[in-house]
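In what follows, a single structure is set out as structure tokens and then discussed.
Protein chains: 2
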Amino acid sequence: MNGTTEMLKGILEGIILEIINEHETYGYEITSRLQQMGFDDIAQGTVYTVLLRLEKKQLVTVSSKKSTQGPMRKFYALNAAGQVELATFWQRWQFIEGQMNTLKGAK
Amino acid sequence: MNGTTEMLKGILEGIILEIINEHETYGYEITSRLQQMGFDDIAQGTVYTVLLRLEKKQLVTVSSKKSTQGPMRKFYALNAAGQVELATFWQRWQFIEGQMNTLKGAK
DNA sequence: ACTGGTACATAGTAAAACTAAGTAGGCGAA
DNA sequence: TTCGCCTACTTAGTTTTACTATGTACCAGT
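Residue numbers (the numbering used here), protein chains in the order written: chain P, 41 to 147; chain S, 41 to 147.
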């Protein structure tokens, strides 16, 4: 199983990938979603750096749309590569989750 | 819930803490244990840097013992602070695991 | 005009893990 | 007896990821 240590650092990226996959969305909304999930110590800026990274890796498509309440929103959607990446992420996650449960159960 | 983002980077440290908690052990053994678990892309050096960190944070006690097959082994055991840290780690882990399942289930 | 909520960007830093290389002890085979 | 192999630990330098902090800017309601 390769890439798992990579993902130990990359859970947030996977979470954001999944959120985007649910429906096209933008940074500010993702941030509040994470906050609602209880990840309230994730800094605002962090989400945008992840988003920029996803864009650079070409896992998402971006489109600016007007907001009624503020500046333009940058909407993100997963492309094919993004969906592959997301599937891989969940596979790695399940692997780790399984190992963690074994470890915990052995206590 | 605080410290969770910290732990996204710190799963390995928690795993090692748990392994040590099972029984007093040393770096080389931990490395092979991780390898057996399927974390075969964890570099040898990484384990030792984690171990050194645990020592610096004063979460473990260390004692050198002779080996019949090679150089001295440095055995690690959790102290009280280490056990507290381990408990905290599992709490954070369960939180994240729960959130991840919710996220995944919503697909 | 001012305040507050919405919305994105980025420079600099810190933490964690990686790569890579080195040191060194003990043992068995050639 | 020396050479290779497994055992065992260390550390310097790099990359990745997230954090802190700050800045920009749009819009609505008062």
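Just so it is clear, CB atoms sit at the ideal spot from N, CA and C, and this is done for glycine as well.
Would you say residue i faces chain P, with C-beta separation under 8 Å as the test?
i: S:Phe129; result: no
i: S:Gln139; result: yes
i: S:Glu69; result: no
i: S:Glu64; result: no
i: S:Leu48; result: yes
i: S:Leu57; result: no
Between which two residues does the beta strand (DSSP E) holding residue i run?
i: S:Leu118; result: 113-118
Counting contacts by CB-CB distance shorter than 8 Å, is residue i in contact with chain S?
i: P:Gly78; result: yes
i: P:Thr45; result: yes
i: P:Ile148; result: Given a span of 41 to 147 for chain P in the structure shown, any question on residue 148 of chain P remains unanswerable.
Determine which residues share a DSSP beta bridge with residue i and list them.
i: P:Lys105; result: P:Arg113
i: P:Val100; result: P:Leu118
i: S:Thr65; result: S:Tyr116
Compute the beta-carbon to beta-carbon distance between residue i and residue j, rounded to the nearest angstrom, for a pair I have assumed lies under 8 Å.
i: S:Leu126; j: S:Leu57; result: 5 Å
i: S:Phe129; j: P:Thr45; result: Going by Cβ atoms, the distance from S:Phe129 to P:Thr45 rounds to 17 Å, so no, they are not a contact pair.
i: S:Gly67; j: S:Leu91; result: 6 Å
i: P:Ala117; j: P:Ile55; result: That pair is no contact at about 16 Å.
i: P:Glu137; j: S:Glu62; result: P:Glu137 to S:Glu62, Cβ: 19 Å. No contact.
i: S:Arg113; j: S:Gly43; result: Not a contact, Cβ separation roughly 32 Å.
i: S:Val87; j: S:Leu94; result: 11 Å between Cβ atoms; not a contact.
i: S:Thr107; j: S:Phe115; result: Just to set this straight, residue 107 of chain S is Ser in the shown sequence, not Thr. No, S:Ser107 and S:Phe115 are not in contact; Cβ-Cβ is about 10 Å, not under 8 Å.
i: P:Gln139; j: S:Met77; result: 5 Å
Hey, could you find the ends of the alpha helix (DSSP H) residue i is sitting in?
i: P:Leu57; result: 51-62
i: S:Met47; result: 44-48
query = At a Cβ cut of 9 Å, what residues of the segment 104-126 of chain P count as close to chain S, listed as they run along the chain?
reply = none
ask   = Mind listing which residues of the segment 78-103 of chain S have their C-beta closer than 9 Å to chain P's C-betas, in chain order?
value = Gly78, Phe79, Asp80, Asp81, Ile82, Ala83, Thr86
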